[in-house]
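Novice: Here you go, one structure.
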Amino acid sequence: MPRQIRNKIISKSGGITIPSDIRREYTSYLGGEAVDLEIQDGKIILSPHAPRCMFCGSIEDIRKFEGRHICGICITRMAKEAKSSD
Ligand SMILES: [Zn+2]
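Now the structure itself:
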């Protein structure tokens, strides 16, 4: 897909409207959904919200436990730690 660049004005309160044709094409941005903002090399990258591990910040192999997100690696590490402290 060719790179698309649009000019938008940021409101005084920091808001920006995503053009409707983009929202229709990328349904993760229809409205009411959480998004992640990532700062990289002076640019802001907007992407659909991905749950992150509350311990390491990973977005891989995320599971929900007691309302919190934890990755498989941290679960394994916690299980080993719990066994070794017996
Ligand atoms: Zn983790």
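Taken in order, the sequence shown gives residues 1 to 86; the numbers are from the UniProt record's numbering.
C-beta atoms are modelled at their ideal positions from N, C-alpha and C, and glycine is treated no differently.
No experiment lies behind these values; they were computed from the predicted model shown.
The alpha helix (DSSP H) spanning Arg23 covers which residue range?
Specialist: 20-25 is the span of the alpha helix (DSSP H), which, as asked, contains Arg23.
Novice: Helix, strand or coil for Arg6, going by three-state DSSP, please let me know.
Specialist: Looking at Arg6 - three-state DSSP - the assignment turns out to be coil, as it is neither helix nor strand.
Novice: Could you give the residue range of the beta strand (DSSP E) that holds Lys12?
Specialist: From DSSP, Lys12 is part of no beta strand (DSSP E); its letter is neither H nor E.
Novice: Taking only three categories from DSSP, how would you classify Arg63?
Specialist: Correct three-state label for Arg63: strand.
Novice: Given Ala82, which residues of its chain have a CB within under 7 angstroms of its CB, disregarding the five upstream and five downstream residues?
Specialist: There are no such residues.
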